[in-house]
Each structure stands twice: as C-alpha cells, then as structure tokens.
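Presented below is the structure to which this report refers.
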Amino acid sequence: MAISKKQSSQHPSLDLRFLVFLTACASSVLDFPAGRAEMSARSLDALLQERAFRALARQRTGVPCDGDVLPGLAGIGVSAVRLRSGSMRRKGFRDFNEFSIPAGVAAQPYAERLALVYHNLGNWSGVYYPLPESFVYLTPVLGLLAYDATDLSASEAPELDLWASEAPFLIKFSRIKPAPAPAEARCAFFDLDGSLEFEIVADGNICKGTKEGHFAIVLELAASGQDGKLPVADIDGSKSSGISLYEEKR
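Below is the structure:
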C-alpha cells in the first residue's frame, strides 16, 4: 500500500518551479509554533481523549460534541461521538466532521459502547507529525481514534483498533491548496507506531483509511535521491519540522 519515493530527473526545472511557487505562497504559509512539542504525539492523544470524554459525559449516544483543549494547545480541535459497536458495524456513521465511516467497520477488542475521537491538529500538525524534509502539508493533520466508552470518567480509557473489512472509511478534506504541476499530492497516513505511508489522493481531496490513526494531504517539493522506505515519523516530540501551504482559518 505504501508508495515509495522515486527520483525525479525528467523535470530539471522542477526545483525552480517549486521555489517560485513557495515564494508566491509565502503570505499563506502557516507558521508552526516555535520549539519542540511539550509532549509526545501519543501523550497528546491521551490528553485529547480525556478532554473528549468530559464533553461526552453530557451528550446523548450518536450525537457528536466538541471538547475543549487547554489554552497552551490553542488551534487544536477535538470532538467525539459515542456509538454502540453493533450499530456502527451495521450502519456505519456518516459525516463525522471530515470522516465518513461505512458499514462493516469493527472495533477490537469488543466493547458494547465505543467512542470515536476526532483530532484536527491545525497549526500544530508539523510539530507533532513532522514530515521528511522534502515534503510540506497541503492540509492539517486529522486524526480518528477509538476507545472503550463504558466508563466516560476514565482518564486513560482503553484504546480500540478499528478495522474496515468491507470498504475503507473516507476522509474528505475541506480546505486544500491545489498542487502545482507537475507535482502530485499524496495522502499521508501516520500509524500509531509512528510509521508513515503514502497513498493516492482520490478526487482531489479524499483519502482512504482502513484503521485508526492520523491523516493529511502532503506534497513532495523535490526528490531526495533516496529510494526505499521513508523515515519513521518522530513521535516523541523531540523536533519540529516541515511547513504548510494550506490556509488556516484564524
């Protein structure tokens, strides 16, 4: 499934085109917060789970709600919905922000009630999910994680694995800048273990997933000359890298 990096020697003016493109887009480049992340990406997941569960405690099953994040993480969005596992597998759950969950998606281990937690990392995308040097974000990083929702007061609820056995779930990005020719945008998938895979973008702004994790649309600025597997993403919060070409709402 992963798409490996390829050398690009057929377009000698490619680097110049990207340089001109980046200069023209300078006013819309998103500035990531300076410095290193205050916590690891997985610690951030746990914090957002706790904030989401606080909001769910006041919400009915099947109705999404937004959670509040700490002031130090302004710009990150989190929301959640509590579902019955059997209902989700039979009917799916459409239009959970950018995510559309089809019928046939199961959670393991089994829990009678589960919570889907959505992340929008906004201008923190490159801090918690830095890209290889030659890549930039065209969208914010969006996350979908699942938890056992038996006890909504739990600060460390058990994580559940999602598996789309019949059809993938879809992520329809609402704000994306077009990739300049001859470049081609890619879907980036950050697994929970920090590994990074690239897939084809469908219909200009749609990525597909079969399991929980974080997703974005990215652009490779220039070939690095290295073939094979891409570096594993740094998930311990030790560095901040990458820039973004998408326009963040202020």
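Reminder that position 11 of the sequence shown reads as 14 in this note's numbering, one-by-one numbering, no gaps. Backbone N, C-alpha and C define an ideal beta-carbon position, used for all residues, glycine too. Just so you know, these numbers come straight off a predicted model, no measurement behind them.
Practice item. Could you tell me if Phe176 is buried or exposed, where buried requires 16 or more neighbouring beta carbons within 10 angstroms of its beta carbon? Key: Phe176 is buried by the Cβ-count criterion.
**Study point:** Among Ala184, Ile209, Pro181 and Ser168, nearest to Met91 - alpha-carbon criterion
**Key:** Relative to Met91, the option among Ala184, Ile209, Pro181 and Ser168 whose CA is nearest is Ser168.
**Study point:** Whole-number beta carbon distance between Val108 and Leu155, since they are thought to touch under 8 Å
**Key:** Contact between Leu155 and Val108 does not hold, since the beta-carbon distance rounds to 22 Å and is not under 8 Å.
**Study point:** Residue interval of the alpha helix (DSSP H) (run including Leu86)
**Key:** Run containing Leu86: none in the alpha helix (DSSP H); it sits in the beta strand (DSSP E), Gly80 to Arg87.
Review point. Is the beta carbon of Asn126 less than 8 Å from the beta carbon of Gly78?
Key: In this structure, Gly78 lies closer than 8 Å to Asn126 by Cβ.
Review point. Closest by CA to Phe201, which one among Ala188, Glu101, Arg178 and Leu51?
Key: The candidate whose alpha carbon is nearest that of Phe201 is Ala188.
Practice item. Please look up how many angstroms separate the CB atoms of Phe192 and Gly212, rounded, as I've assumed it's under 8 Å. Key: About 7 Å; that satisfies the 8 Å criterion.
Exercise for review: Check the C-beta distance from Ala149 over to Glu215 and give it rounded, since I have them as a contact under 8 Å.
Suggested key: About 6 Å; that satisfies the 8 Å criterion.
Review point. How far does the beta strand (DSSP E) with Arg97 in it reach, from first residue to last?
Key: For Arg97, the enclosing beta strand (DSSP E) has its first and last residue at Phe96 to Phe99.
**Study point:** Beta-bridge partners of Glu162, as assigned by DSSP
**Key:** Beta-bridge annotation (DSSP): Glu162 is paired with Tyr150.
Check your understanding: For the putative contact between Leu173 and Ser103, defined by C-beta atoms under 8 Å, what is the C-beta separation to the nearest angstrom?
Key -> About 5 Å separates the beta carbon of Leu173 from that of Ser103, a gap short enough to meet the 8 Å contact definition.
**Study point:** Top-ranked residue by Cα proximity to Leu163, from Ile179, Gln111, Asp98 and Tyr121
**Key:** Among Ile179, Gln111, Asp98 and Tyr121, the Cα nearest to that of Leu163 belongs to Gln111.
Check your understanding: For Gly70, which residues of its own chain have a beta-carbon under 6 Å away from its beta-carbon, when the five flanking residues on both sides are left out?
Key -> Close CB contacts of Gly70 within its chain, under the 6 Å cut and outside five residues either way in sequence, are with Arg54, Ala55, Ala58 and Val81 (chain order).
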